[in-house]
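Please read the structure below before turning to the comments.
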Amino acid sequence: MPTLLPISIKPHLVSFFFHEVRGEEVNYLKYRSKSFTLYKSAALNAIISIVMVEADIPVKPSNLSILLDIDESNVHKQFRGTIYQPVDGQKHFLKVPAETNKIINDLMEDMFKMSFFYYVQGHLENRKSKDITLIDAIYKFMEKYELLEFGYNMESMRRMYYRMLKKNGTLNHFSN
24 MPTLLPISIK PHLVSFFFHE VRGEEVNYLK YRSKSFTLYK SAALNAIISI
74 VMVEADIPVK PSNLSILLDI DESNVHKQFR GTIYQPVDGQ KHFLKVPAET
124 NKIINDLMED MFKMSFFYYV QGHLENRKSK DITLIDAIYK FMEKYELLEF
174 GYNMESMRRM YYRMLKKNGT LNHFSN
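For what it's worth, the working numbering labels the leading residue of the sequence shown as 24, then goes sequentially.
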């Protein structure tokens, strides 16, 4: 059986979901933490459960929770995220093989990319002034989710947008 490690959410996804999802937030000095529940009926919960069953990891069908931490006490911010199952008031962090962790992150990455595409599309289609450019819309997205912290740059985001636009929207990237 492969080595099991706690699920680790990619740092840029931690920032994205921290800003996008409502949950219980705690702030202490330069440390922010947020947790939110993925109910059994949520698609993300169902997919995580299916992936874990496929990886032969016993998981009880129940609500899962995501824990996101942003630590600003160092020179560079640290972003950490994981998934746990609350049981009797305790947090049982889910452990999975590396491949399962990658699948979960890929799914969350798809959510991030779809949000990016429609965020930029919305800015461009609903702009009141022709002065708002593609670059402005992308920059606002990058700033909102602190993407410069993770090495994202305008050129790579612009290329991603045009690749998605060429495929006539975001859902087409699921097919070749």
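Virtual Cβ for every residue (Gly too), placed ideally from N, Cα, C.
9 Å Cβ cutoff met for Lys118 and Leu28: yes
Phe16 vs Gly104 beta-carbon contact at 9 Å: Only positions 24 to 199 of the chain appear in the structure, and residue 16 is not among them; the question remains open.
Where Arg182 falls: helix, strand or coil (DSSP): helix
Simplified DSSP state of His99, which is helix, strand or coil: coil
Sequence-distant residues of its chain with Cβ nearer than 6 Å to Asn68 (five each side left out): Leu61, Leu87
Cβ-Cβ distance between Ser56 and Glu48 below 9 Å: yes
Identity of the residue in Tyr51, Ser138, Glu166, Leu36 nearest Glu95 by Cα: Tyr51
Cβ-Cβ separation, Phe139 to Leu222 (assumed contact under 8 Å), whole Å: Outside the shown range of the chain (24 to 199) lies residue 222, about which nothing can therefore be said.
Span separating the alpha-carbon of Lys189 from that of Met183: 10 Å
As assigned by DSSP and simplified to three states, the class of Pro34: helix
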